[in-house]
Structure formats: C-alpha cells, structure tokens
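Heads up: the structure comes next, in structure tokens.
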Amino acid sequence: MDVSTSPAMDRSLLALAQGYSWLPGLLRERPDGVARTRVMGKPALVVRGPEAVRFFYDEGNVRRGGALPGPVLSTLFGHDAVHTLDGGAHRARKEFFLPLLHADRIAGLVEHVTDAWDDAVREWSSAEQVVLFDAASVVLTRGACRWAGVPLDENAGGTEDLARDLVAMVDGFATAGPRHWRARRARNRQEARFTRLVEDVRSGRVDAPEESVLAAVCRHREADGELLHPHTAAVELLNVIRPTVAVCWFIAYTAHALHLQPSQRERLRGGDTAYTAAFVHEVRRFYPFAPFLGGVAVRDLTWQGVSVPAGGMVLLDVFGQNHDEKVWGDPYVFRPQRFLEHPVERDELIPQGGGEPRTGHRCPGEGLTIGLLEALSLRLAALDCTVPDQDLRISLRRIPARVRSGLAVRDVRVPSERTLTTA
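Under the working numbering, think of the first position of the sequence shown as 623, with each following residue one higher.
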C-alpha cells in the first residue's frame, strides 16, 4: 500500500502542505467519493457528493461540537460560538441568526454596503492605485457595522483598524506562523472591544437601535432562558460582521473573473437579473473559499462501505465537490450559463457548507453573501478603471486562497448615476 494514502498515517501536516488539493487528491481514484485517513490523531472518513452532504449534516451521524480545533476557534469562529453547538442548544442559539435570513434584512445590509461602496469609489478616483481586496474590506466593514448598529470611530481610523482585524481572523485560521498569531491577536482585541460594547448597551451607557443586530444579540437568551454571557454575545456579533467582511475575498475573485473574461462584464451590464444570479453562483463555485468541513462521528458509521468508529472524524470535501466532474461536467471552466441550464440544488453547491440553514449548520449568512455579491458584481462591472500588470495567481496551497496581488486598479472614474441604475 502507498503510505501516502494509508489510513494508519496521520495526514494533518499534509493538509497544511497541500491545501485545497489535499482531500480531492485522496478521493481522485475513488469513484464512490469516500476514503479513510487519519487527522489530529483520529481515524477520519472523507466524503463528497450531494448524498454525502445529507449524511454529514444528519445530527444522528455527525456532531460539530468538539470537531473544531482550538486554533480555529481562537481565530475564525471564537470559543463558545454557535458553530460549536449541537441539538437544542444549537437551535436556540441560531434563533438569533435566523432573522438575518429575511429578505428585508438582506436588502437593508445591501443598501448600507452599496452606499458605502459608492462613497468609496469617489475617493478611489483621486487615488493613484486601489487594491480591491483591501478597499472592499473597509467598505464591507463600514456598511455591515452601520447595518448592525455597531458604532465606528471614523475619525480615528477605527473602520480601517476593524477591517484589518476581521480580515486577519479569516486569513490566519488554517496556518501556522505569523498569519496565525496575527489572527489570534486580532480576535482577542475585537472580542474585548465587542464585549465592552455589549456591557455598555445592557447598562444603558450606549444606545442600540431597537431593531439592530446589536440590540438583538444583547437581549438574546439561551435555551435555559439566560442572557448570553457578554463575551459569548460579542463572539456571535463578530460572527455576523466577520463573515460579511470576508465577502472581500469574493469581491477580488469577481474582479479577477471580469478581468480575465471581459465578455462577462458586458453580460452583467445588460441588466439580466437571472444572469447576475448565475454569475454570482459561478464565482462562489469556481473560486476557492472553504476547503473542507469537519465533524465527529456520534456512533460507528459506514458510508459507501467505508467505516469510521464513534469519536472519529468525518470530513466533507467542500472544494472537491464544487469541482467534481460528476456534478458539474466541466468544473474548471468558469461558465455562469450552467446555472441557467440547471437550477441550483441545495446540496450540490456548497461553498459555505451544505444542509438546511434554518435548523442545521449551513451558514445563515449565505443569503447575505449572495445579496451583496449580486449588487457589488454589478458595480464592479460598471467600474471604469485600468488594471495594471500584476500577479493575479491564486495558490491552492494557501488556505484561505486569495488573488496574490489583491487585484489592484488605477485611473478609477466615478460612474454616472445612469450607469449605476442600469447596471
């Protein structure tokens, strides 16, 4: 047997070295989309495919509690976050997030962010060069905080500092070294700040708009009827704003796609809402975001004839499924048209996880991401600028992957109101 694929060999370090290609490599010669390996000292079952998604998100098979490594909690999600809960505790905590799925709440966020974007474009027009990844993170932070009712100190650079920390939390969750420690410091800094904010709102020292996300998290109660601990409330407030700001990854990817395929820009400018939705789905499918998701087997499990004992790991190959030839036909071709030919199936397209968002672990912010990308893709298509020579490579060894240059633009010209209206 090849020791590189032996289920007795712990492959945790190999995951860090190979990045997004790790699990697809394990499953390459396995037509059933299942394999065994070993990670973090535990046996692991690796699965892929729509049926496997349903298997993975069945709480009778897999639980998320205890599955997330401490370094991921200390950077990306925060300790005691909803991602660590299961069963009734998970459903009670998720009641805080569910109102964010409503169309009016998504529309409100989109309006705040697009207003911030339009203001920023006017500033970009006088700048020598703008890196879209960085600039978009500031726009998203400003819009998300205004929408959530989180106060910002604009005069003291507070928006830029918060954006930098929120990006760092995402950028350093799956690595060792400087990026990881930068992420830990960023999370500690912002958790402390947001904890003070929750305490100030509850004490009456700071007003929170009645229908805001800030007010909602401050009054949310757990399954036992108790208010969230201030620190836990801060963690969950960050778990609304942080993934919203992480859309800057997709903004840079969108600009990347528009630059490499100028015909996509023209299609978006045509104002076809169905094509805009298809384009956004294809950006989320084609470009690398979440590599995989993990859970713990709650009992002895068998999938497609391959077993893992209770307490072992179950890994869902997210990137591999979004690039599975059996599902997509031509997975490494950027082709939005595929989503006009075939409706989006819940457990086929899983860039932010699968399952049911209202009761399961699928990201409740997925609708927010889609709404933001639809609006900002149109604005990017309408943006009149020059893309200078730069390094546009995207390394699949880096988690999370990103456009290496951040996608710099120059000579930004403010679009007319008519252009924005028709785009």
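For glycine and all other residues, C-beta sits at the position ideal for the given N, C-alpha and C.
Cut-off 7 angstroms between Cβ atoms - residues of its own chain near residue i, not counting five sequence neighbours on either side
i, result
"aspartate 1033", "Cys1007, Thr1008"
"alanine 785", "Ser759, Val760, Thr763, Val867"
"valine 732", "Gly993, Leu994, Ala997"
"leucine 648", "Thr627, Ala657, Thr659, Val668"
"leucine 1018", "Gly641, Tyr642, Ser643, Pro910"
"alanine 932", "Ala919, Val920, Arg921, Asp922"
"tryptophan 739", "Val761, Leu998, Arg1001"
"glutamate 970", "Pro672, Val949"
Residues near residue i by beta carbon distance below 8 angstroms, same chain, minus five either side
i, result
"serine 748", "none"
"proline 973", "Arg906, Arg907, Phe911, Ala912, Val940, Asn944"
"glycine 1028", "Val753, Leu754, Phe755, Asp756, Ala874"
"alanine 838", "Phe718, Pro721"
"histidine 802", "Pro693, Thr697, Gly794, Phe795"
"aspartate 1013", "Arg1026, Ser1027"
"phenylalanine 678", "Val669, Val684, Leu915, Gly917, Val936, Leu938, Gly976, Gly977"
"aspartate 632", "Arg660, Val661, Met662, Gly663"
Buried/exposed call for residue i, threshold 16 Cβ in 10 Å
i, result
"aspartate 952", "exposed"
"threonine 697", "buried"
"serine 759", "buried"
"leucine 720", "exposed"
"histidine 983", "Per-residue confidence for histidine 983 stands at a pLDDT of 49, beneath the threshold of 50, marking its modelled position as unreliable; no derived number is given."
"arginine 744", "exposed"
"proline 653", "exposed"
"proline 831", "exposed"
"arginine 858", "The sequence shown places glutamate at residue 858, rather than the arginine named in the question. Answer is buried; the Cβ neighbour count reaches 16."
"threonine 710", "Looking at the sequence itself, residue 710 is glycine, so the reference to threonine does not match. Exposed is the call here."
"glutamine 959", "exposed"
"proline 965", "exposed"
"valine 673", "The sequence shown places glutamate at residue 673, not valine. Label assigned to glutamate 673: exposed."
"glutamate 963", "exposed"
"histidine 724", "exposed"
"aspartate 946", "buried"
"glycine 942", "buried"
"valine 820", "buried"
"valine 1050", "Residue 1050 cannot be examined here, being either before or after the span of the chain that is shown, 623 to 1045."
"arginine 650", "exposed"
"leucine 635", "exposed"
"alanine 1030", "buried"
Minimum C-alpha distance to residue i - residue among the options
i, options, result
"serine 999", "Thr895, Val930, Asp1011", "Thr895"
"alanine 1023", "Gly641, Leu636, Met631, Asp632", "Gly641"
"proline 1037", "Arg891, Cys767, Gly730", "Arg891"
"arginine 685", "Val936, Val966, Phe956, Leu1018", "Val936"
"serine 834", "Met662, Asp1011, Trp769", "Trp769"
"arginine 843", "Gly692, Ser643, His712, Phe678", "His712"
"leucine 938", "Ala778, Met631, Asn683", "Asn683"
"alanine 689", "Ala814, Arg811, Gly934, Leu971", "Gly934"
"alanine 845", "His701, Arg715, Arg1035", "Arg715"
"alanine 814", "Glu970, Gly671, Gly700, Phe678", "Gly700"
"arginine 1020", "Gly730, Leu638, Ala703, Ser634", "Leu638"
"arginine 727", "Pro800, Phe872, Gly765, Pro691", "Gly765"
"glycine 771", "Val675, Val823, Asp822, Leu836", "Leu836"
"arginine 968", "Val928, Arg1015, His903, Asp1011", "His903"
"proline 1010", "Gly730, Ala877, Ala856", "Ala877"
"arginine 1065", "Thr797, Arg811, Ala855", "No answer is possible for residue 1065: the residues shown for the chain start at 623 and end at 1045."
"isoleucine 1016", "Tyr897, Arg889, Ala879", "Ala879"
According to DSSP, residues forming a beta bridge with residue i
i, result
"tryptophan 925", "Val928"
"isoleucine 1016", "Val1025"
"glycine 916", "Leu937"
"arginine 660", "Asp632, Pro665"
"threonine 1008", "Arg1032"
"leucine 849", "Arg843"
"valine 684", "Ala919"
"proline 973", "Gly975"
"valine 753", "Ala1030"
Neighbourhood of residue i by C-beta, 6 angstroms cutoff - its chain only, sequence neighbours within 5 removed
i, result
"valine 930", "Pro665, Leu667, Ala919, Leu923"
"glutamate 988", "Gln974"
"alanine 742", "Val761"
"glutamine 926", "Asp654, Val656"
"threonine 991", "Val869"
"tryptophan 746", "Val752, Val1034"
"leucine 774", "Cys767, Gly780, Thr781"
"phenylalanine 961", "Ala900, His903"
CB contact below 8 angstroms: residue i versus chain D
i, result
"tyrosine 875", "Structure shown: chain D not included; a single protein chain is present."
Residue i beta carbon near the ligand HEM (any heavy atom closer than 7 angstroms)
i, result
"valine 669", "The model depicted lacks the ligand HEM and carries no ligand whatsoever."
### Message
If contact is defined by three or more beta carbon pairs under 8 angstroms, each pair taking one atom from either stretch, is the region 783 to 802 in contact with the region 856 to 868?
### Response
yes
### Task
Would you check if the region 849 to 856 and the region 1003 to 1018 touch, i.e. whether three or more CB-CB distances between them fall below 8 angstroms?
no
### Three-pair Cβ contact test at 8 angstroms for the region 879 to 888 versus the region 738 to 753
no
### Task
Pair every Cβ in the region 687 to 705 with every Cβ in the region 805 to 821, then say whether three or more of these pairs are closer than 8 angstroms.
yes
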